[in-house]
Every structure is written in structure tokens, then in C-alpha cells.
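Student:
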Amino acid sequence: LNSKLQLSVNKEINKNIEVYLFVDEFSKYIDVDIVEDAYVLLTKLGYKVSIIKHLDSGRSLISKGFLKEAKFFANENVAYFKDRLNENSVLIGLEPSTILSFRDEYLRLADDKFSARNISNYTFLIEEFLASEIEKDQISASQFTSEEKKIKIHNHCHQKSLSNQKVTFDILNLPKNYSPTIINSGCCGMAGSFGFEKDHYEVSMNIGSQRLFPAIEKTNENVLIAANGTSCRHQILDGTQRVALHPITILRNAMLDSN
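This is the structure in C-alpha cells:
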């Protein structure tokens, strides 16, 4: 994957910050196109992007309560990134539940608490990173389309709990004629693997039907649906037959030079 991406973009690095893109277990095997979208977007914006070989996050183990097994992944990832990250070299991720493990569970699971805490200070959702760069005037609306587009946003529960929803709004609000709105949706109902399990299917769909599905179903088909969680996108497709896109895919497609 890394070698393919390295050849796919003409890189003109003009930013002073290096970005390590954390390719989590879901992005690596299910959503590899989103990894490419992120790489192309960041590179064309002038950032040096590195995709290096690392272990999975251990998120599935954490969610199922296998904390002793998850501890191995926490320790290995902390050891791997502790000497790589600083104020000019940050770690960013696409899937909220995995990248935010560095700022939540790893602080308790990792043996090296000092390094885990330090890493957490330089670890961000990709939306957090881009929103911060927009605020610093490092990214301009002039780099993006002037086409009009309406977008409805559903954010992952980990983002709602450990970050904030405004960062997704901010990056999708950058193209001057884009009009994003955050859906007051609560949980999509999938809750990681919960909704994939037969015994939980009905409960999962009932949760989605409370607010999220109706909000999407009454939107025009020309309105884009944005969701940064892989489980959320699957749930939206199953519950509404609408395809939801990762915010980074939408932003990459909005670039004036997105090829």
C-alpha cells in the first residue's frame, strides 16, 4: 500500500509538519480507498505523509473485554511511536475508535505511562488535524471547488465522547459553497460489532430508526451523507440504502486537483 501511494502523487512539500497516517485494521482491510483519499489530500495540501508498518490498534479486543491481549498492542504501539512524535511530527487516524485508543485506553493499558501520555498529546483524528490547520490559515478554500453542495454529517460515538463534532463540520465547511449540517443522531446502533451479531440485530436497527435513519431518509438524494466510522457507514447503508462517505473522501473529491 505504502509503495503504491508513494508513486501516486507528485509531492510538493511546503508544510513544516510531518504526518504519520495510522492505517488501522478497518481501514487496511475494509476501507483502503479512504486511506488513499487521505494520502492524496494531505500530500496535495503540502504535507509530508508517512505510512509505516505498525500493529493494529487492538480496538476489537478492547471492545470485547480482552484487555490482557489488548495490552500487548498498546505496549507495542507506544514503543513504536514514542520516539517519532513531537510538535512537528504527529500521528493522525481515520477511524475514531482506533486512533482515539491512543488518547483513552492506552493511557491505562500501556506499561510506559509517560510515553503513552506524551504520544496522546500528538495524536489526532484527521478531522482534528485539518481543522487546526485551517484555523492557522495553512489550508485555504481557494484550493477547493466552488461548486454548491449540501452535506449531512453523522459522527462516530468515540468522536462525540473523546473529541468534538465541530471539527468535521469545519473541514466540510471549507469549500466556500459547501453547506454541512450535523445530524442530531445519537448512536447509529451498530456500536462496533454489536449490530453485526444476530442476537443484537433488532436492537441495533431500532436504535438507528430512532433518529438517524429518519433524518437521512428525508434528505434529497443530491445531499451527501458523511460518516467517519466504518460501522456507521455500514449501518446507514443497511438502514436507509444510502451510501455514506468518509468526510476525507468528500474533501478529497472537492479539491481542484484531486487526481
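The opening position of the sequence shown corresponds to residue -10 in this note's numbering, with each subsequent residue numbered one higher. Virtual Cβ for every residue (Gly too), placed ideally from N, Cα, C.
Let's test the definition: count the other Cβ atoms within 10 Å of the Cβ of L(-4) and tell me whether it reaches 16, buried, or not, exposed.
Tutor: In this prediction, L(-4) scores a pLDDT of 48, lower than 50, which makes its location untrustworthy; the coordinate-derived value is nonetheless stated afterwards. Exposed, since its Cβ has fewer than 16 Cβ neighbours within 10 Å.
Student: Spatial neighbours of T219 within its chain, please: CB distance less than 7 Å, with the 5 preceding and 5 following residues excluded, ordered by chain position.
Tutor: Hits under 7 Å: F15, I19, D20, E84.
Student: Within 8 Å, do at least three Cβ pairs link the region 105 to 115 to the region 181 to 189?
Tutor: No, they do not touch.
Student: Alpha helix (DSSP H) containing A105: first to last residue?
Tutor: Counting along the chain, the alpha helix (DSSP H) containing A105 begins and ends at 102 to 109.
Student: In three-state DSSP terms, what is S121?
Tutor: Of the three classes helix, strand and coil, the one that applies to S121 here is helix, per DSSP.
Student: In whole angstroms, give me the CA-to-CA distance for M179 and S198.
Tutor: Looking at the two C-alpha atoms, the distance is approximately 12 Å.
Student: Any idea which residues DSSP pairs P169 with across the strands?
Tutor: DSSP, once it has assigned bridges, lists I140 as partnering P169.
Student: On the three-state DSSP scale, how would you describe Y9?
Tutor: Strand at Y9.
Student: Rounding to the nearest angstrom, what Cα-Cα distance links I2 and I128 in this structure?
Tutor: Cα-Cα distance, rounded: 13 Å.
Student: In the DSSP assignment, find the alpha helix (DSSP H) that holds S16 and state where it starts and stops.
Tutor: 14 to 18 is the span of the alpha helix (DSSP H), which, as asked, contains S16.
Student: Distance check for L10 and I40, CA to CA, integer angstroms please.
Tutor: Computed Cα separation, rounded: 5 Å.
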